[in-house]
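These notes concern the structure reproduced below.
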Amino acid sequence: MGMRARILHAAVCLLLPAIVIAQTTTQTTTAPSTQATTAPTTVPAVPLAEINEQIDSANKIIRAVEPDLVPEFLNPSYIDELTTLSQQLDGQQEEARLTLASQPTVESLRTISTAWQSAAKPLWEWRRDLTAKATKLDQDVLLLANLENQWAERVKQSQASHAPEDVIKRMTALLESIRRARSAAEKGRSQIVSLQNRASEQYARVVEILTDIKEAQDNIVSRLLEKDAAPIWSSHRPAPTTQSSAKSGQVSLASQVSALVAYSKRETDVYFLHACAALAVIAVLWWARRRVKAWVDQEPELAGSFRVFHYPIATGLLLTSLAGIWIYTQAPRLLWVILGVIMMAPAIFLLRKLVDRRFHLVLYGVSGFYIWDQVRSLAVSFPDVYRILFITEMSAGALFVMWIVRGKRLDVISTTLSRGLQVWLSLLMRLAGILLLAALAANLSGYVGLGKLLGSGTLISAYVGLVFFTAAEALDGVLMAVLRLWPLNLLKMVQHDRELVHRRFSTAMRWAIRLFWLWTTLDLFAVRGTVLTYGYQALNAALAIGPLRLSVWNVASFAFVIWASFALSKLVRFVLEEDVYPRMMLPRGLPHAFSMVFHYVVLLIGFFTAVGTLGYDLTKFTILAGAFGVGLGFGLQNIVNNFVSGIILLFERPIKLGDTIEIDGLTGTVRQIGIRASVIRTTTGAELIVPNSRFIAEKVTNWTFSTGQRAIRLSVNVDAQSDPKLVMDLMLKCARGVELLTSDPAPQATLAGFAPGAMTFDLQAWTKRYEDWTIARSELSIAVSAALRGAGVLFK
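Quick note, the sequence shown lines up with residues 61 to 856 if you use this note's numbering.
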């Protein structure tokens, strides 16, 4: 079956439901009258006492049906939207027809296809909703027709039986209500079916155009390595048809303008909201410029990152116009050209302010190539002129890239680029030069389609990369400013680790932009589908080991889940330790215990999830767990002992992070309680790795278990002729004057004993912090010595 035959077959399949519904509508519209004339008069009579109850029940049925009688699809805005969409598709269809008739590039077909695919979605939804509404109205018409037949017969019966006049009047009024409701339902159904036919026609048109575009794309890709034109030096080239080409060019431009006008009528509200959002962003950036200036005065190193705030209009236009990629999904091609200009202008302007002056010539060159591209796109209806412009542009582009690379101008792009990124950019520039030369050679030798694909793909990828790079720089500055504003500046993790938070978010944002640029570039070179296909095949390549079947995707998923478990645990523990625990009055050591338990739980869940991604039946994991337990019992006793001891340390907390402990005659501070061992930092700076089981099985001295205070004892021998009370008062006065000592417990001075010609006095005081006890003892000794000597007390 040929392509055109398949298209006609698809159109018939699309229109067949509408034809069937239309026929059904005609039948159901005439059926009630036939039934009314031929139906037997065997409707059971209703007792007079129950007639009012039956009338009320019938009225309830009418009220239940009334919301369906005037469908929401019949409001003027909905009909106008469908009409405007049809007008937009008229312009886009003419543009698509002319583009397909010329020598289109993969990029131009991709742009047209995107617009048509976006138009297909609402049409499909409208057809679905209209079909459901028409079906509901069919049911309502049938229900009302039966109800009308019943009450028409009951009115006759009541008149024949000489029922009360007021009852007959009420029954007659009910019958009129049923007939009005039925008429409204039939009218609404007819209008809905008419709209359904219009939507189906537009949808069939969209499907046909998308089929043609897909066929053209496949044809271009399949014939890339075939000559589609004579070499440029050949004398046997067809003469240009200037008049017809000019006419088709005028028609193409007119159709694009018509499509843009129709689209603008449909999206007037979106335009308005987008413009308001752009003005709001510019206003916020303008307001923030003064605040940023104050920050830069305090921290001059921030000047480079905050330069984008000096140009709020350009920054706001770039960021808001870039959002149009996701806003105007159904936009015609001409709107994308306008958005491209709006994005490129502020991007070039901002980069000119961000990079070294020596790189300005490069930016001017890129601007010139972009303008050249737009001129070349206008000449698409003039094949010879288009080809000459293309050849000239590829030649200039290759020379331009050589000038950049050989002149080492990449080293002055921006101080924000790391050395690694500069290397990658240098490689990409060299690859771009090779692709431009290949596009030039292909076009000259008659492979015009291949040349267009390579040349246009390279240039457009460069423009997109330039816009994305500038947007990343602008977003980086905005992110740094946002982290200094309320309410984010209230977070302790932002206050203490602002640079770390900014670096993490900035890295994630830049990687997302790079991946989006790569995704776009693959599509520009018409290899995205191929890459995805081969990538899918490579990821699903499997290795069978008995009943277990492992694929690259399974192994990669296993590794990713394990990595994600560690990353999630680290992130959550960071947030808890920086912003949650400090705001809660928790005993010392308990936050660390919570964090470690959370860490173990996340890793355990992540491990089982990762095993599940391998395709392994977790119900069989119990057997492995049992075997693993036996192995633990025999060969891993020490490791399990230390692990369980670590859990006990976390919950019982005989030692906690920050405690000063003494073990084996060595004193140090607990820095980490790990899965197997804990880290103790001694006063000499050495790090002791102590297995957790030793803290449980052996005696450990914890100097700061309940408090951080430590007692200091100072003994002094003085002459036996000294006044004991004076000596003790002086010692207590000195202890109270040392700031590192506490007032509660208070210092105590005692007469400890006598020796031949001497008395011994002891002074005991407590330090506020354990780690200050050596300094406090030194200061106390100096103060006591000076005080006693000043009072004339002699030491022995």
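Note that beta-carbon positions come from the ideal geometry of N, C-alpha and C, so glycine has one too.
- I735 sits close to N702, with the two beta carbons spaced by under 9 Å.
- In this structure S738 is buried. Its beta-carbon is surrounded by 16 or more other beta-carbon atoms within 10 angstroms.
- For A498 and L377, the gap between their C-alpha atoms comes out near 36 Å.
- For M791, the uninterrupted alpha helix (DSSP H) segment begins and ends at P784 to G797.
- Q732 sits in a strand when the DSSP states are folded into three classes.
- In the structure shown, the three-state DSSP call for Q597 is helix.
- Note: D128 is not bridge-paired with any residue in the DSSP secondary-structure output.
- The beta carbon of L582 sits closer than 6 Å to the beta carbons of R588 and V591 from its chain, once the five residues preceding and following it are set aside; these are given in chain order.
- Close CB contacts of D719 within its chain, under the 6 Å cut and outside five residues either way in sequence, are with V730, N762 and T764 (chain order).
- If you check the CB distance, D822 and T810 come in under 9 Å.
- A Cβ-Cβ distance of about 6 Å is found for the pair T159 and S168, placing them in contact under the 8 Å criterion.
- Going by C-alpha positions, L603 is about 14 Å away from A616.
- With contacts defined by Cβ atoms closer than 9 Å, R574 and F528 form a contacting pair.
- Residue state for D822 is assigned as strand, using DSSP reduced to three classes.
- Between the alpha carbons of Y424 and A407 lies a distance of about 12 Å.
- The segment 495-515 makes contact with the segment 274-292, as at least three CB pairs between them are under 8 Å.
- With a threshold of 16 other beta carbon atoms within 10 Å, F585 meets it and is buried.
- Annotated three-state conformation of S617 is helix, per DSSP.
- DSSP lists M819 and F855 as the bridge partner or partners of V778.
- In this structure, the CA atom of Q390 is about 24 Å from the CA atom of V435.
- The beta carbon of W346 sits closer than 7 Å to the beta carbons of P372 from its chain, once the five residues preceding and following it are set aside; these are given in chain order.
- In this structure, I111 sits near A223, with a CB-CB distance shorter than 9 Å.
- About 15 Å separates the CB atoms of E637 and P647; that is not less than 8 Å, and the two are not in contact.
- In this structure the segment 411-419 lies against the segment 361-372, because at least three pairs of beta carbons, one per stretch, are closer than 8 Å.
- Taken through DSSP and simplified to helix, strand or coil, V632 comes out as helix.
- Inclusion of K716 and G649 in the CB contact set at 9 Å is warranted, their separation being smaller than that value.
- Counting of Cβ neighbours within 10 angstroms places E361 among the exposed residues, the total staying below 16.
- DSSP, read as helix, strand or coil, puts T720 in strand.
- Assignment of beta-bridge partners to I451 by DSSP yields no partner.
- By the Cβ-count criterion, W826 is buried, with 16 or more other Cβ atoms from all chains shown falling within 10 Å of its own Cβ.
- Going by DSSP, R350 is part of the alpha helix (DSSP H) stretching over T328 to Q358.
- Residues A439 of the same chain have their beta carbon placed closer than 7 Å to that of V445, with the five preceding and five following residues left out of the count.
- Closest option to V776, judged by alpha-carbon separation, among T802, A812 and T767: A812.
- Residue R187 holds the alpha-carbon nearest to the alpha-carbon of Y263 among R187, A245 and V281.
- The count of Cβ pairs closer than 8 Å, one atom from the segment 553-569 and one from the segment 535-544, reaches three, so the stretches are in contact.
- In this model, T593 and D198 are separated by some 46 Å (Cα to Cα).
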